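Numbering (my numbering), first residue to last: 1 to 116.
The next block holds one structure in the form of structure tokens; read it before the comments.
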């Protein structure tokens, strides 16, 4: 049964080609918003806290600071409204899920950048 579900996900779910990114990276996600009969593109720029799941149910969590309030958003990778993902900075972190980042402020909240 499990292999049947995996086969259906691989065959029928359309995968978009997004760049590789992981926890600690700063990315910009462009997604489409429908308001009535109009559609517009909005972006969300922040630090990736985690990537979770696999296949068609994979999601990623992004955190940004809006003034002094932290805002987190969870995006499914296969969301049809996702238009593109840009990787702005590659961050060097030791963990796959950086939830400790929520409690950091000021200079402690900086993530070291990986230069290539």
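Each residue gets a CB set at the ideal place from its N, CA and C atoms; glycine is no exception.
Keep in mind it's a predicted model, so treat the numbers as computed, not measured.
Would you say the beta carbon of residue i is closer than 6 Å to some non-hydrogen atom of the ligand NAD?
i          : result
residue 22 : Absent from the structure shown: the ligand NAD. Ligands present: none.
Note the first and the last residue of the continuous beta strand (DSSP E) segment covering residue i.
i           : result
residue 84  : 82-89
residue 70  : 69-76
residue 114 : Premise fails: residue 114 is in no beta strand (DSSP E) and is neither H nor E.
residue 40  : 38-52
Report yes if the CB atom of residue i is closer than 7 Å to the CB atom of residue j, and no otherwise.
i           : j          : result
residue 82  : residue 63 : no
residue 87  : residue 19 : yes
residue 84  : residue 31 : no
residue 108 : residue 92 : no
residue 114 : residue 90 : yes
Starting from residue i, follow the alpha helix (DSSP H) in both directions and report where the run begins and ends.
i          : result
residue 66 : Not the alpha helix (DSSP H): residue 66 falls in the beta strand (DSSP E), residues 59-66.
residue 4  : 2-12
According to the neighbour-count rule (16 or more other Cβ atoms, all chains shown, within 10 Å of its Cβ), is residue i buried or exposed?
i          : result
residue 98 : buried
residue 46 : buried
So if DSSP puts residue i in a beta bridge, which residue, or which two residues, is it bridged to?
i           : result
residue 26  : 47 and 89
residue 107 : Answer is none; residue 107 lacks a bridge partner.
Inset, instruction - May I ask you to verify whether the segment 31-38 touches the segment 58-65, counting CB pairs closer than 8 Å and requiring at least 3? - result: no
Inset, instruction - Kindly confirm or deny that the segment 69-76 and the segment 18-25 touch, where touching means at least three C-beta pairs closer than 8 Å. - result: no
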